[in-house]
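Residues 768 to 1052, numbered by this note's numbering, are exactly what the sequence shown covers, in order.
Idealized CB from N, CA, C, for every residue including glycine.
A quick write-up on the structure given underneath.
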Amino acid sequence: MFTDSNAFRKTCMTLRQRLFHPMIPTLLTGALALLSATLAVAEEPAAPADDDWQFTAGLGVGSIPKYPGSAEHKLRAFPVLAASHGRYFIGGVPGAGVPAGIGAFIITDPHWRVGLGIGGDLEKPRKESDADRLRGLGDIDGTALGAVFASYSDGWFTARGNVVGDIGGKHQGGRLSFDLEGKYSPAPGLMLSAGPGVTWASRSAMQTCFGIDGQQAARSGRAVYTPRSGIESVGFTVGADYQIDKQWGIGTRMSTRRLQRDAADSPITEKKSQNSAVVFTAYRF
């Protein structure tokens, strides 16, 4: 399969780009869609290594807000599961915040990666039982999601963007995210990363997470609140990954995001700053 050590290292890097990183953040977005944008960590573009199946399995633990705008956090464990075959993949859609799905890379060259994916939420993005102020507002149901994602890398620098939208008929709108990331390796096997991000949300997406319609107002006793489309949040993420050996790797991500404009002013929002932390380990085979 491998003719020399350089080919083997290139294949390992490709697997790490395609399977190891993208799955971690996207598994958590059922609780907070904002987290997916900042924790999108697909790395440098690379062509598919070969036509063999490649798999990743592992476990992670995350501390994330109970719901978008919550002041309280919840701690949860989650599996890390992904597979790829050539340009096709099963698992989290890289950098797009779709927790579980399928997709394909349309363009892969030394700098660019562009792809499509479809999938859905692993759990409800918000439950009425998450907080007293949500009483009468009902749950936010999971839905089918479609995504277009792209990234450009040059050396230590990566810029990535994605568009994610509701294709399940739940009228939950869509989001556009853009992130920048710088990487630095201070020691063999160790990679540090950091960078800012911004997320724009459509009117329907803002209404879903931060709005109160007439029926919800009647049930909850709160005033009707109709947020507009616009910048939903800005944030910053730092991360570290350590490749223990050819198969095992560990990593962590810490993200802070601040809700903006109508999202920040919503009566549903308890706290404008939304902080998250994730640690994980994964085995590639």
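- Task: Output the boundary residues of the beta strand (DSSP E) element that contains Thr925.
- Result: Where Thr925 is concerned, the enclosing beta strand (DSSP E) stretches over Phe924 to Asp933.
- Query: Residue range of the beta strand (DSSP E) that Thr1023 falls in?
  - Reply: Annotation: the continuous beta strand (DSSP E) that includes Thr1023 extends over Trp1015 to Leu1026.
- Message: Considering Cα atoms alone, identify which of Val881, Gly932 and Leu848 is closest to Gly887.
- Response: It is Gly932 whose Cα lies nearest to the Cα of Gly887.
- Spatial neighbours of Thr910 in its chain, beta-carbon cut-off 6 Å, leaving aside the 5 residues before and after: The answer, listed in chain order, is Asp933, Gly935, Lys937 and Gln939.
- Kindly give me the distance between the Cβ atoms of Phe1047 and Gly1018, rounded to whole angstroms, as I take these residues to be in contact under 8 Å. Distance from Phe1047 to Gly1018 at the Cβ level is roughly 6 Å; contact confirmed, criterion being Cβ atoms closer than 8 Å.
- Taking the beta strand (DSSP E) that Gln974 falls in, what are its first and last residues? According to the DSSP assignment, Gln974 belongs to no beta strand (DSSP E) but to the alpha helix (DSSP H) extending over Arg970 to Phe977.
- Where does the unbroken alpha helix (DSSP H) through Gln939 begin, and where does it stop? Counted as a single uninterrupted DSSP element, the stretch harbouring Gln939 is not any alpha helix (DSSP H), since DSSP gives it neither H nor E.
- Report the rounded CA-to-CA distance for Ala1031 versus Met958, giving the unit in angstroms. Straight-line Cα distance between these residues: approximately 34 Å.
- Task: Work out the CA separation of Arg902 and Glu890 for me, nearest whole Å.
- Result: Cα to Cα, the separation comes out at about 19 Å.
- Task: Taking all protein chains shown into account, decide if Asp1012 is buried (16 or more other Cβ within 10 angstroms of its Cβ) or exposed.
- Result: With fewer than 16 Cβ atoms within 10 Å of its Cβ, Asp1012 is classed as exposed.
- Using only alpha-carbon positions, find the residue among Val828, Gln983, Arg927 and Pro994 that is nearest to Gly949. Checking every option, the nearest Cα to that of Gly949 belongs to Arg927.
- Task: Check Glu895 in the structure and name its three-state DSSP category.
- Result: Glu895 falls in the helix class under three-state DSSP.
- Query: Along the chain, where does the alpha helix (DSSP H) that runs through Ser987 open and close?
  - Reply: Per DSSP, Ser987 belongs to the alpha helix (DSSP H) from Gly981 to Ser987.
- So Thr875 packs on Arg893, CB below 8 Å; how close in whole Å? Incorrect: roughly 36 Å between the Cβ atoms, too far for contact.
- Residues that DSSP places opposite Lys833 in a beta bridge: Answer by DSSP bridge pairing: none, since Lys833 is not bridged.
- Item | Distance CB(Arg989)-CB(Ser969) smaller than 9 Å | No, they are not a contact pair.
- When we look at the beta-carbon of Ile857 and count the other beta-carbons within 10 Å, is it buried (16 or more) or exposed? Buried, by the Cβ-count rule.
- Task: Can you grab the Cα-Cα spacing for the pair Arg900 / Ile1035, in whole Å?
- Result: Cα to Cα, Arg900 sits roughly 7 Å from Ile1035.
- Message: Going by beta-carbon coordinates alone, are Pro994 and Asp946 separated by less than 9 Å?
- Response: Their beta carbons are not under 9 Å apart, which means Pro994 does not touch Asp946 by this criterion.
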